[in-house]
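Only one structure is covered here, and it is reproduced in the block below.
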Amino acid sequence: MVNVRNQYFNNSDFRQAPYTTTAGSTKNVSNPTARRPSFPPFRITFTADETPSELSIIKDINKHCRISLSYGRYAAAGRNKSFLLYVNTSEQFDRLMDKNIWSMQICSLDCSIDLPSKVPSSYSIVAIGVPAQWNLAEFELDIKKHYPTIIKIERLYVNGGIPISKVRIDFSSNEEVNKVIKNKRLLLDDENISFAIQLYAASLRILRCFNCQQYNDHIAINCPHKDNPTCFRCGQNHAYNPHCCNKICCANCHQDHLAGSPNCPIKIDERRKYQNSITSSINNKTKKNNKLFLHPFGQQRNINVIYLVLHLIQLKPFKHVLIQVRS
């Protein structure tokens, strides 16, 4: 095997991905059950002014699509014409991603169906050891020969935009990504070039109101500015419009990206604050537990209680149990 990988090297072509990673962004594949996937909603928009109840929509979809869904709600914006449908499992998600099973009418009303543009994080893995100098466009063409359901490959970066030898790979099929996880390797070609993999773990999610775009305060249904919404695209105050043609401007930092962008400095700062608060809460709880355990007589009291419980369960008379409780 001579210079099999040389075709991928291109030192001058780094594609900056909108995703940045830290050490906590990947997990080892030894525990595939540790992932708790969440799924983006399917959007159903009715053309008529009158809309059916939430329960009747779910019942009709379950009957027509031969599926068993249990939750959906109308979007907070859009005058209750857009219904958000949520799935519970990857099998349900895969089934509803098939456009052929959808009807053009739900509850005898005309509607349009918008499939999720993003896949759940559980449909993604991280390939390890992919040199930072490789041209990902050519790498993607070759890897898709073995895994046709791959829909996106992105280089991961550390702070400052420095590329690392890890790439995120998104699949459209849960079945295929599970096969890769089971094999613990990602094959590149027939010459047995392969890469170790890790589970992909999405960044810590923070709360954002989809009405006013504010972080970590409330959700849209409780927004105090319901009558004065802020556009997620242009940052101006007007009704929700997914096709807004105004110049893109973040409502929070006023830079040229959408509200909620992972590159938004306000979002990065809010995520850091949220992470720090979680860490602080865990540390305080640990200190409290340690303080209780390290009490001069706390350990003796704990031992006494254990003895008492064990003897009571066994229905045996307890003897030689030290009752030493002091304050």
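Each residue of the sequence shown is one higher than the one before, starting from 1 at the first, in full-length UniProt numbering.
Note that beta-carbon positions come from the ideal geometry of N, C-alpha and C, so glycine has one too.
Because the structure is a prediction, the values reported are computed rather than measured.
Restricting to runs no shorter than 4 residues, where is the alpha helix (DSSP H) found entirely within the segment 199-272? Considered as a whole, the segment 199-272 harbours no complete run of any alpha helix (DSSP H) with no fewer than 4 residues.
DSSP state of Ser173, grouped into three classes? Ser173 falls in the coil class under three-state DSSP.
Cβ atoms of Asp170 and Lys144: under 8 Å apart, would you say? Going by C-beta atoms, Lys144 is not nearer than 8 Å to Asp170.
Checking 8 Å against the spacing of the C-beta atoms, do Ile125 and Val177 come in under that value? In this structure, the beta-carbon distance from Ile125 to Val177 falls below 8 Å.
Where do the N-terminal and C-terminal ends of the beta strand (DSSP E) with Cys111 fall, by residue? Here the beta strand (DSSP E) through Cys111 covers Leu109 to Asp114.
Environment of Tyr71 [buried if 16+ CB atoms lie within 10 Å]: It counts as exposed.
Less than 8 Å between the beta carbons of Gln128 and Ala196, yes or no? It is worth fixing the name first, because residue 128 is Ile in this sequence and not Gln. Judged by beta-carbon spacing, Ala196 lies within the 8 Å limit of Ile128, meaning their Cβ atoms are closer than that value.
Can you tell me the Cα-Cα spacing of Asp98 and Asp142, whole angstroms? Using only the alpha carbons, I get a separation of about 26 Å.
If I'm right that Asn237 touches Pro229 with Cβ under 8 Å, what's the distance once you round it to whole angstroms? Yes, they are in contact, since the Cβ atoms of Asn237 and Pro229 sit about 7 Å apart, within 8 Å.
Report, in whole angstroms, the separation of the C-beta atoms of Ile106 and Ile164, which I expect to be a contact under 8 Å. Wrong, their Cβ atoms sit about 46 Å apart, outside the cutoff.
So for Ala132, helix, strand or coil by DSSP? Taken through DSSP and simplified to helix, strand or coil, Ala132 comes out as coil.
Can you tell me the Cα-Cα spacing of Ile248 and Leu55, whole angstroms? C-alpha separation (whole angstroms): 37 Å.
Hey, out of Val167, Cys212, Asp227 and Leu187, whose CA is closest to Ser199's CA? As written in the sequence, residue 199 is Leu, which differs from the Ser given in the question. For the options Val167, Cys212, Asp227 and Leu187, the alpha carbon positioned closest to that of Leu199 is the one of Val167.
If you check the beta carbons only, do Ser90 and Asn174 fall under 8 Å apart? Yes.
Can you tell me where the beta strand (DSSP E) holding Leu156 begins and where it ends? Element bounds for Leu156: Ile150 to Val158.
Close-in-space but distant-in-sequence residues of the same chain around Pro265 (CB under 7 Å, 5 per side omitted): Cys253.
The alpha helix (DSSP H) spanning Ser122 covers which residue range? Following the DSSP letters along the chain, one finds Ser122 in no alpha helix (DSSP H), marked with neither H nor E.
Beta-carbon proximity of Asn216 to Leu204, cut-off 8 Å: No, these two residues do not count as a Cβ contact at 8 Å.
With burial defined as no fewer than 16 other Cβ atoms inside 10 Å of the residue's Cβ, what is the status of Gly235: buried or exposed? Burial check for Gly235: the Cβ neighbour count within 10 Å reaches 16 or more, so the residue is buried.
Along the chain, where does the alpha helix (DSSP H) containing Leu69 start, and where does it finish? Where Leu69 is concerned, there is no enclosing alpha helix (DSSP H), given that its DSSP letter is neither H nor E.
Distance cutoff 8 Å, beta carbons only. Does Asp256 sit that close to anything in chain B? Annotation note: the requested chain B is absent from the structure, which comprises a single protein chain.
Candidates Lys118, Ile193, Ile181 and Ile162, of which the one nearest Ala132 by Cα: The candidate whose alpha carbon is nearest that of Ala132 is Ile162.
Tell whether a beta-carbon distance below 8 Å holds between Phe42 and Leu96. Phe42 is a Cβ neighbour of Leu96, given a cutoff of 8 Å.
Quick check: Cys231 and Cys244, are their CB atoms within less than 8 Å of each other? For Cys231 and Cys244, yes; Cβs fall inside 8 Å.
Cα-Cα separation, Arg272 to Ser82: Approximately 33 Å, taken between the alpha carbons.
Where Arg233 and Tyr86 are concerned, what is the direct C-alpha to C-alpha distance, given to the nearest angstrom? Approximately 24 Å, taken between the alpha carbons.
Neighbour-count burial assignment, Arg155, 16 or more Cβ in a 10 Å radius: Counting Cβ neighbours within 10 Å, Arg155 comes out buried, since at least 16 surround it.
Considering only C-alpha positions, which residue in the set Cys111, Asn211 and Phe39 is nearest to Thr51? Each of Cys111, Asn211 and Phe39 was checked against the Cα of Thr51, and the nearest Cα belongs to Cys111.
Backbone secondary structure at Leu186 - three-state DSSP: Shown here, Leu186 sits in a strand according to DSSP, grouped into three states.
Cβ-Cβ distance between Phe210 and Pro120 below 8 Å: Their beta carbons are not under 8 Å apart, which means Phe210 does not touch Pro120 by this criterion.
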